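Order-wise, the sequence lines are chains A and B. The first sequence begins at 295 in my numbering and counts up by one. The second sequence begins at 86 in my numbering and counts up by one. Heads up, the beta-carbon is just placed ideally off N, CA and C, and yes, glycines get one too. None of the values given here were measured: they were computed from a predicted structure.
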Amino acid sequence: MSESQALVPAPAWRRGSAAPPLLLAGSILLYVGVAFWTGQTKMLETDGVIGLLERMVALGIVALGQTFAIIAGSIDLSVANMISVAAVLASFIMHGRADMMLAAVLVVLAVSALVGVVNGAIISRLKVNPFIATLGVGLILQGLLSASFTDFAGSVPREFQAVAYGSFGVVPYSVAALFVLAALASFVLWATRFGAHLYAVGGNAEGARLAGIRTDLVTTGAHVVCSLSAGVTGLYLASRLRSGAPWIGRDGVYDLESIAVVVIGGTLLAGGRGGVWGTLAGVLLFASLDAAFNMMGVSAYPKLVLRGAIVIAAVAVYTVRTRGHVA
Amino acid sequence: MEQAALALEMLNITKTFPGVQALDDVSFGCARGEVHALCGENGAGKSTLIKILGGVYQPDSGTIRLDGREVAFSHPIAARRAGISIIHQELSLLPNRSVAENIFLGIEPTRFGLLDRRTMREEARRLLKRLGSSVAPETLAGDLSIAHQQIVEIAKALAVDARILVMDEPTAALDRVDASRLLDLARKLSTEDVSIVFISHRMPEIQTVADRVTVLKDGRTVMTAPLAEAPTSRLVRAMVGRDLTDFYPPRSSQPPGAVALTVRHAGNKRLHGISFEVRAGEIVGVAGLEGSGKNAVARALIGDAPFESGGMEIGGRAVKSRNPRAAIQAGLGRLSDDRKREGLLMQQSVRDNAMLIERAFAPPLGSPTAGPMSPEATDKRLIQLDVRATSFDQEVQFLSGGNQQRVIIARWLARNPEILIFCEPTRGVDVAAKAEIYKIMRETANRGRAILMVSSDLPEIVGVSDRILVMREGALAGELSGGAAEEDVMALAVAQDRESQAMAS
Numbered sequence: 295m296s297e298s299q300a301l302v303p304a305p306a307w308r309r310g311s312a313a314p315p316l317l318l319a320g321s322i323l324l325y326v327g328v329a330f331w332t333g334q335t336k337m338l339e340t341d342g343v344i345g346l347l348e349r350m351v352a353l354g355i356v357a358l359g360q361t362f363a364i365i366a367g368s369i370d371l372s373v374a375n376m377i378s379v380a381a382v383l384a385s386f387i388m389h390g391r392a393d394m395m396l397a398a399v400l401v402v403l404a405v406s407a408l409v410g411v412v413n414g415a416i417i418s419r420l421k422v423n424p425f426i427a428t429l430g431v432g433l434i435l436q437g438l439l440s441a442s443f444t445d446f447a448g449s450v451p452r453e454f455q456a457v458a459y460g461s462f463g464v465v466p467y468s469v470a471a472l473f474v475l476a477a478l479a480s481f482v483l484w485a486t487r488f489g490a491h492l493y494a495v496g497g498n499a500e501g502a503r504l505a506g507i508r509t510d511l512v513t514t515g516a517h518v519v520c521s522l523s524a525g526v527t528g529l530y531l532a533s534r535l536r537s538g539a540p541w542i543g544r545d546g547v548y549d550l551e552s553i554a555v556v557v558i559g560g561t562l563l564a565g566g567r568g569g570v571w572g573t574l575a576g577v578l579l580f581a582s583l584d585a586a587f588n589m590m591g592v593s594a595y596p597k598l599v600l601r602g603a604i605v606i607a608a609v610a611v612y613t614v615r616t617r618g619h620v621a
Numbered sequence: 086m087e088q089a090a091l092a093l094e095m096l097n098i099t100k101t102f103p104g105v106q107a108l109d110d111v112s113f114g115c116a117r118g119e120v121h122a123l124c125g126e127n128g129a130g131k132s133t134l135i136k137i138l139g140g141v142y143q144p145d146s147g148t149i150r151l152d153g154r155e156v157a158f159s160h161p162i163a164a165r166r167a168g169i170s171i172i173h174q175e176l177s178l179l180p181n182r183s184v185a186e187n188i189f190l191g192i193e194p195t196r197f198g199l200l201d202r203r204t205m206r207e208e209a210r211r212l213l214k215r216l217g218s219s220v221a222p223e224t225l226a227g228d229l230s231i232a233h234q235q236i237v238e239i240a241k242a243l244a245v246d247a248r249i250l251v252m253d254e255p256t257a258a259l260d261r262v263d264a265s266r267l268l269d270l271a272r273k274l275s276t277e278d279v280s281i282v283f284i285s286h287r288m289p290e291i292q293t294v295a296d297r298v299t300v301l302k303d304g305r306t307v308m309t310a311p312l313a314e315a316p317t318s319r320l321v322r323a324m325v326g327r328d329l330t331d332f333y334p335p336r337s338s339q340p341p342g343a344v345a346l347t348v349r350h351a352g353n354k355r356l357h358g359i360s361f362e363v364r365a366g367e368i369v370g371v372a373g374l375e376g377s378g379k380n381a382v383a384r385a386l387i388g389d390a391p392f393e394s395g396g397m398e399i400g401g402r403a404v405k406s407r408n409p410r411a412a413i414q415a416g417l418g419r420l421s422d423d424r425k426r427e428g429l430l431m432q433q434s435v436r437d438n439a440m441l442i443e444r445a446f447a448p449p450l451g452s453p454t455a456g457p458m459s460p461e462a463t464d465k466r467l468i469q470l471d472v473r474a475t476s477f478d479q480e481v482q483f484l485s486g487g488n489q490q491r492v493i494i495a496r497w498l499a500r501n502p503e504i505l506i507f508c509e510p511t512r513g514v515d516v517a518a519k520a521e522i523y524k525i526m527r528e529t530a531n532r533g534r535a536i537l538m539v540s541s542d543l544p545e546i547v548g549v550s551d552r553i554l555v556m557r558e559g560a561l562a563g564e565l566s567g568g569a570a571e572e573d574v575m576a577l578a579v580a581q582d583r584e585s586q587a588m589a590s
């Protein structure tokens, strides 16, 4: 052990890991490289870049919430089904009427929060493994939804489509919203008591409990955030698709992909360490990958292979780095 | 007993770990059919010696002979093949596998390449019968009581035809009836020419079961004698006798202050009739054997396994520790005996770890880095406690045990509770850091805090405490003043007189 003591606190961003900058660089390199290679340099102009960022929105928002769940040492497999529920509920309640927009949004957020509370309560009160608890809740949601709706239900009014299609100048509302939400999430994680408690519970739940932290409330809070983010993603997809269908969450594989990008972003699957900027960088990598394959005109299946390889490689790299990190 | 070659001889064994001489020229032997008790305090070197015998560690120097032939075990499997079986304190049965499957784990008999379940069952039944047990081989191990699991462990040892059986505190988790049954079994096996190394610090047991006794202290053999020459009093003296230099901080010259904590007739599943007081400025030691309930008292006070009856007062106010949060709010704090599991956030920074308690009680909307939780205030505390790390951003898992303990102390000093409970404050901490931790405890008491120190380390109990409470079987067995003889504490903890008579009869 070294005798020296660094008494200068490192800046907060350093407490995460080196993952975000590396992933960012890798994504940009991939995107720019493929654009040049295929000669589609117009993809590097504003429209192309905006398109890339728009690819990030749906997965990005739900992954922000998933980051909270995973940092707290939990996980949420019900997000994909929650997204479907939110989208269908929104478009069903609105039924094309602008005056129902507010009501629909409020109902969706309330239902999402409730699902989060249920997830959290099952995990922290009944002590059911989070994997099983949220898998079960997800199946229940999907079952209820599929029993009630078999196809696109209702539609969203043109005013609501602005969520997905409107923009401030060149920046779409949705992209702006993603980054605002990410900044907000980052603020909550680093600068609030709730954030500190999430890291404590994820780092050592028993230690946190014995230190006087109400770990059940913290876990539940993380799941409420996670379900709310799924609800917001559902609203965004309803707006983008102009209507909600009971399969859009599943088709997007938002449950597994959100977990994948969180882990790629350097958050420990066991909890206690990580952050949203890494997650966002992971989302960007996936989006760049999609865009690159589109530019190359290759079928989507090799993309899956590559995604899988990236997830495994990322976790392997983190594991080796952590093990090698001996002071 | 010396006519033939001994079944087991360990000669001049020396083993050094970084910074610690664990064993220094230790010799130990066991004749065929002998029960040889091995005793010594925590850290005396018993477990290192056993691990060398079991092939887990290799000695730096020295030789091991079995029946006169020199052997060297490079791996635990080599030791097992040579006929050495070790039954650890924590049983290793697979709870969801049957008794027969457990007994033949790794040595499953096969027929035509397939598992021969019938032979397994029959052999298991035969082995268990030899041990006087009627447990069915089909039973799941997890469904058995601890006592029966222990017998299955012994059967497992016999299945590999063990000639040397090491039992590491086998009765620690057993009640008196099961314990004496196990002792009978050990004697019976010894008549079948099995050599038994019996590790225990329960004096009455040793008196009942052993032929010879060896005492280790600070990595050296301090005595080896036939039982007849080793009455309990001599054993205890051999175990604890040591020089106490200025290792422990001087006790306060001031009389203690007002009563900080009162516990009256309190009890729960593990404890009954607990009544005591701790005054401000006092360090009260809580001693007792493993399972005596001394840790249960700490857990009850901090609300982890709360008292279900009786009352508790802090500073004269009646309080209830329903859960850890309520207990801490009432003015209590506890440093766990298991830093890794219950204390530290291993992969988080030293600083984050030091802020944990303050963060737990921060106002809901406040910043977790403001006021007493600011990095500056936290760093100041860590520097005061002389925490050594490459930086306070370093993950706490990379710190030494002593430094980790200081980080936890820093965490509690930030909260500065009225009553601070230290559980095994120096477990896994080197000698120099131990003295530092005692000093911090004494300074904290001198600042008017009340301290309860739960410890299995007798010298520490006697050297640091102002008063000593001794626990036995879930109740207070008695109280001694600070500086009492370790023998007296031990005597209260093991109920030397009455129990030895009861067991001998």
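In this structure, DSSP gives M431(B) a state outside helix and strand, which the three-state scheme calls coil. I507(A) belongs to the set of residues whose beta carbon lies under 9 Å from a beta carbon in chain B. Rounded to whole angstroms, the Cβ separation of L138(B) and G304(B) is 15 Å, and the two are not in contact under 8 Å. Within the region 491–566 of chain B, the complete alpha helix (DSSP H) runs of at least 4 residues fall at 516–531 and 543–549. The beta carbon of A456(A) sits closer than 8 Å to the beta carbons of Y467 and S533 from its chain, once the five residues preceding and following it are set aside; these are given in chain order. The residue from P451(A), Q334(A), L420(A) and S378(A) with its alpha-carbon nearest to that of R391(A) is P451(A). For M575(B), the uninterrupted alpha helix (DSSP H) segment begins and ends at E571 to V579.
In the three-state scheme derived from DSSP, where H, G and I count as helix and E and B as strand, A505(A) is classed as coil. Only R426, E427, G428, L429, L430, M431, Q432 and Q433 from the region 422–433 of chain B bring a Cβ to less than 8 Å from some Cβ of chain A. Boundaries of the beta strand (DSSP E) harbouring I284(B): S280 to I284, taken from the DSSP string. G501(A) reaches chain B at E427, G428, L429 and L430, counting residues in chain order whose Cβ is nearer than 7 Å.
Short of 6 Å from the beta carbon of A323(B), and not among the five residues preceding or following it, lie these beta carbons of its own chain, in chain order: V300, V307 and M308.
At the C-beta level, V294(B) and L268(B) come within 9 Å of one another. Close partners of P409(B) in chain A (Cβ separation under 9 Å): R503, L504, A505, G506 and I507.
Under the Cβ criterion of 9 Å, Y612(A) is not counted among the residues facing chain B. In this structure the region 270–283 of chain B does not touch the region 200–207 of chain B; the number of beta carbon pairs closer than 8 Å is below three. Within chain A, the residues whose beta carbon sits less than 7 Å from that of F446(B) are G506, listed in sequence order. At a cut-off of 9 Å between beta-carbon atoms, T454(B) makes contact with chain A. With contacts defined as CB atoms closer than 9 Å, G370(B) and G563(B) fail to qualify as a contacting pair. For N413(A), the enclosing alpha helix (DSSP H) begins and ends at M395 to S418.
Within the same chain, Cβ atoms closer than 6 Å to the Cβ of A129(B) are found at L301 and K302, the five residues on either side in sequence being excluded. For M376(A) against L435(A), the beta-carbon gap comes to about 6 Å, under 8 Å, which counts as contact. For a Cβ distance threshold of 9 Å, nothing in chain A lies close to G198(B): the least Cβ distance comes to about 35 Å. Boundaries of the alpha helix (DSSP H) harbouring V382(B): K379 to L386, taken from the DSSP string. G566(A) reaches chain B at L430, Q432 and Q433, counting residues in chain order whose Cβ is nearer than 8 Å. DSSP lists no bridge partner for T444(A).
Within chain A, R487 have C-beta atoms less than 7 Å from the C-beta of P449(B), given in sequence order. Contacts with chain B at 9 Å (Cβ-Cβ) include G497(A). Leaving aside the five residues that flank L430(B) on each side, the residues in its chain whose CB is nearer than 6 Å to its CB run, in chain order, N438. C508(B) and S485(B) have their C-alpha atoms some 18 Å from each other. Here A185(B) carries a helix assignment [DSSP, helix/strand/coil]. Unbroken alpha helix (DSSP H) runs of no fewer than 4 residues, entirely contained in the region 457–543 of chain A, are found at 467–485, 487–497, 499–504 and 509–535, following chain order. With respect to chain A, the C-beta atom of I546(B) has no partner C-beta closer than 9 Å. Using a Cβ distance threshold of 9 Å, A575(A) and L358(A) do not count as a contacting pair.
Assignment of S406(B) by DSSP, reduced to helix, strand and coil, places it in the coil class. The alpha carbon of T511(B) has as its nearest neighbour, out of A167(B), K519(B) and I468(B), the alpha carbon of K519(B).
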